[in-house]
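Heads up, the thing below is written out as structure tokens.
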């Protein structure tokens, strides 16, 4: 293993750990948040959280098992990394504006935690050995 591959492995492992921490954080915030007056926020947050937990565990498994080298469908997920990253940027910006305009920190913090998890999963896929971004 050369130095570059080792650095990539370390970065992917750090991103995987950050994803797991963000997942736990988002679950705690969703459970404890005060949703008075925001009936759709827990529903949207829960749907996003379920999708992102699935995405995160695929990404974490990819770090340690090299799934992108064994299965074509995991390699195909990398094609969705860029739109996923753009969605992340949009949601983080929306959450930031929500904090500034409405001062409802718990709801906005839920969005930010979920967006952080998207970003971490995005970074894990971007830092894979066969990533389109690294090899361009």
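In the working numbering, the protein residues as written are 48 to 183. Beta carbons: idealized from backbone N, C-alpha and C, even for Gly. Bear in mind the structure is a predicted one, so any value in this text is a computation, not a measurement.
Next on the checklist: Once the 5 residues before and after residue 119 are set aside, which same chain residues still bring their CB inside 8 Å of it?
Outcome noted: Numbered from 1 along the chain shown, position 72 holds the residue referred to as residue 119. When the five nearest sequence neighbours on each side are left out, no beta carbon in the same chain lies closer than 8 Å to the beta carbon of residue 119.
Next on the checklist: Taking the beta carbon of residue 121 as the centre, do at least 16 other beta carbons fall within 10 Å, making it buried, or is it exposed?
Outcome noted: The count along the chain shown starts at 1 and reaches residue 121 at position 74. Buried is the call here.
Checklist entry - Would DSSP call residue 50 helix, strand or coil? => result Numbered from 1 along the chain shown, position 3 holds the residue referred to as residue 50. Here residue 50 sits in helix by DSSP.
Next on the checklist: So, at 7 Å on beta carbons, what are the nonlocal neighbours of residue 116 in its own chain, with the 5 sequence-adjacent residues on each side left out?
Outcome noted: In the chain shown, counting from the first residue as 1, residue 116 sits at position 69. None.
Item to check | C-alpha gap between residue 49 and residue 57, whole angstroms | outcome: The residue given as residue 49 occupies position 2 in the chain shown. The residue given as residue 57 occupies position 10 in the chain shown. Answer to the nearest angstrom: the Cα atoms are 13 Å apart.
Next on the checklist: For residue 114 and residue 108, I'd like the C-alpha separation in whole angstroms.
Outcome noted: Position 67 of the chain shown holds residue 114. Position 61 of the chain shown holds residue 108. Each residue's alpha carbon lies about 7 Å from the other.
Checklist entry - Which residue's Cα is closest to the Cα of residue 162: 105, 97, 112? => result Taking the chain shown and counting its residues from 1, the one referred to as residue 162 is at position 115. The shortest C-alpha separation from residue 162 is found at 97.
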